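> My structure is below; once you've seen it, I'll send some questions.
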Amino acid sequence: MATKPITKLSKKQVKALSDQLLQQPKSVWEQAGAKERKEIFALAERYKTFLDQAKTERLAVETIRRLAVAQGFKPLGKKSKAGRYYAEFAGKTIALAVLGQKPVAQGIRLVGSHIDAPRLDLKMQPLYENQEMVFLKTQYYGGIKKYHWFARPLAIYGVVCTAQGKTVPIALGDAPGDPIFTVLDLLPHLSRKSQEGKKLSEAFEAERMNVLIGGLPLDADEGKEKAKLAILKLLHDRYGIAEADFISAELEIVPAGCARDVGLDRALIGAYGQDDRASAFATLEALLTMDQPPVTALGLFVDKEEIGSDGSTSARSRWIERLVAQLMEAAGEKPDFLSVSQALAQSQALSADVNAGLDPDYPEVHERRNAALMGYGVTLTKYTGSGGKYSASDANAEYVAWLRGVWDSAGVPWQAASMGKVDEGGGGTIAKLLAVYGMDVVDVGPALLSMHSPLEIAHKADIHATVRAYRAFYQAPAR
Ligand code: MN
Ligand code: MN
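At position 178 of the sequence shown the residue is numbered 177 (numbering that gives the first Met the number 0), and the sequence of numbers has no breaks.
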């Protein structure tokens, strides 16, 4: 039998074949028309305001609740005609829900983000005086590069709870006219041995990360530590608190200053805490104005992700089971154990978290074919983990395929990427904590540069694409 003669393809045929078979990444800007460009920049303005108002998990909960209440969301447990609810736990985690057309017992659509971010926490007994200056001892929270926190303007947020049952909110460093605080760094003239000759991990020590908060001693002849006492008097006059009250406080040191546009063309946003308040904001945008979706939509905004998701306000908390039970009650369904378990197991989830964008200055840590490109839309990460997929939540192929279809039919700009080269490092998200219920879950969020730094960088187009991706997920017809 004769073999078929090889025919040379024309240029047109090659193009047709390429269009049919090749994956061709496109930046959002290549696809966006004038109207969408305008929307992208308008959304970025709301995003920056959200970041400025939500600098800690407690403030994020307050901001999310305020925006939800303004859109008619009611506390879960009360009556809501429109089926729009919110619920919160311990002031540090919050959920928004919109009841869908299908019974809750048949599953929900969940987008879970985290609202905590790396920072410095105060120790229980933080206050001391040295050289007539007053400092606060800190313990870092989450994965920071310690050197980022020296010699920069800092703000203090949180609460102090007194034994008399008062909770005093503290917010210092961002309001106009506020003082700022700082961790001292050594001058280059004298740091040759203390810092420059050392490994990065040893050059900046946690116990030297003390926050300068004062230096004006009491005007008195008698007494020791008069600068510390003066600061305590100031705190007492203003807030009614004493030194022992720091033991029952949650005070967080975060970068001072607000979210800013980056670049002459203002294409990017620079701000603290975009991991993962970018995803939290996008979830909020998708949910706030949503009418009754096909399937009950839940937005979960959790705490403690950056330190391993342990504790009652984290994604590992059983709160999610109670939430689903309460949602069934709100929908007039009977929330027995089996129904709640089945609802969770038949649910679909997005673990809404950021990924690392390809950094042009450090291309060697990325694997180009599988790296997230800034401005190329929301990033889907099928699995996270490290090394040999250790500790990964690996999404089912069937689920990823369904999601691709949802996005493609809604015209969402998206890309698939993992974080870094295989043995370069790695990390996890809350995906595996949702997967334990049997629900389908995959990581989806925008890419960031300078992640976990005081000035994380996001692309405005990617934030917009993330909102569109979450919205399309919520609004897709029941599977
Ligand atoms: Mn994160
Ligand atoms: Mn993180």
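Note that the Cβ used here is the ideal one computed from N, Cα and C, for glycine as well.
The structure presented is a predicted model; accordingly, all values stated were derived computationally and were not measured.
Would you say the segment 378 to 398 touches the segment 44 to 52, given that touching needs at least three Cβ pairs under 8 Å?
In short, these stretches do not touch, since the Cβ pair count stays below three.
> For Val110 and Thr282, which I take to be in contact (beta-carbon distance under 8 Å), what is that distance rounded to the nearest angstrom?
About 5 Å separates the two Cβ atoms, so the contact holds.
> Step through the CB atoms of chain D and report whether any lies within less than 8 Å of the CB of Asp335.
The structure shown contains no chain D, having only a single protein chain.
> Find out if the Cβ-Cβ distance for the pair Arg108, Tyr85 is shorter than 8 Å.
No, they are not a contact pair.
> Please name the residue, chosen from Gly90, Ala477 and Asp352, that lies closest to Arg276 on a Cα-to-Cα basis.
Nearest option by C-alpha distance: Asp352.
> Are the beta-carbon atoms of Ala314 and Val301 separated by less than 8 Å?
For Ala314 and Val301, yes; Cβs fall inside 8 Å.
> Skipping 5 residues on each side, what residues in its chain have a beta carbon closer than 6 Å to that of Thr161?
Excluding residues within five positions, the ones whose Cβ falls inside 6 Å are Asp244.
> Am I right that Gly120 and Glu56 are in contact with their C-beta atoms under 8 Å? What's the rounded C-beta distance?
The identity of residue 120 in the sequence shown is Asp, whereas the question assumes Gly. About 12 Å; that fails the 8 Å criterion.
> Three-state secondary structure (DSSP) at Gly141?
The answer is coil: DSSP assigns Gly141 none of H, G, I, E or B.
> Thr480: beta carbon under 7 Å from a heavy atom of ligand 1?
Outside the displayed range of the chain (0 to 478) lies residue 480, so it cannot be described from this structure.
> When you compare the segment 117 to 131 with the segment 365 to 378, are there three or more beta-carbon pairs, one atom per stretch, that lie closer than 8 Å?
No: the two stretches stay apart, fewer than three of their Cβ pairs being nearer than 8 Å.
> Count the CB pairs spanning the segment 245 to 255 and the segment 152 to 168 that are closer than 8 Å, and state whether there are at least three.
Yes, the segment 245 to 255 touches the segment 152 to 168.
> For Tyr501 versus Val68, is the C-beta distance shorter than 8 Å?
Past the edges of the chain, shown from 0 to 478, lies residue 501, and the structure says nothing about it.
> Whole angstroms are fine: how far does the CA of Gly76 sit from the CA of Ala329?
Approximately 7 Å, taken between the alpha carbons.
> Can you tell me whether Gln130 is helix, strand or coil according to DSSP?
Coil at Gln130, not helix or strand.
> Counting pairs of beta carbons, one from the segment 452 to 471 and one from the segment 266 to 275, are three or more of them closer than 8 Å?
These segments touch.
> Would Pro117 and Gly141 qualify as a contact pair, given that the criterion is a beta-carbon distance under 8 Å?
Taking 8 Å as the Cβ cut-off, Pro117 and Gly141 qualify as a contacting pair.
> Could you check what DSSP says for Thr92 in three-state terms: helix, strand or coil?
It is a strand residue.
> Tell me which residues share the same chain as Gln19 and place their Cβ nearer than 7 Å to its Cβ, disregarding the 5 neighbours each side in the sequence.
Nothing listed; no residue qualifies.
> Phe49 lies in the alpha helix (DSSP H); which residues open and close that run?
Per DSSP, Phe49 belongs to the alpha helix (DSSP H) from Ala33 to Gln52.
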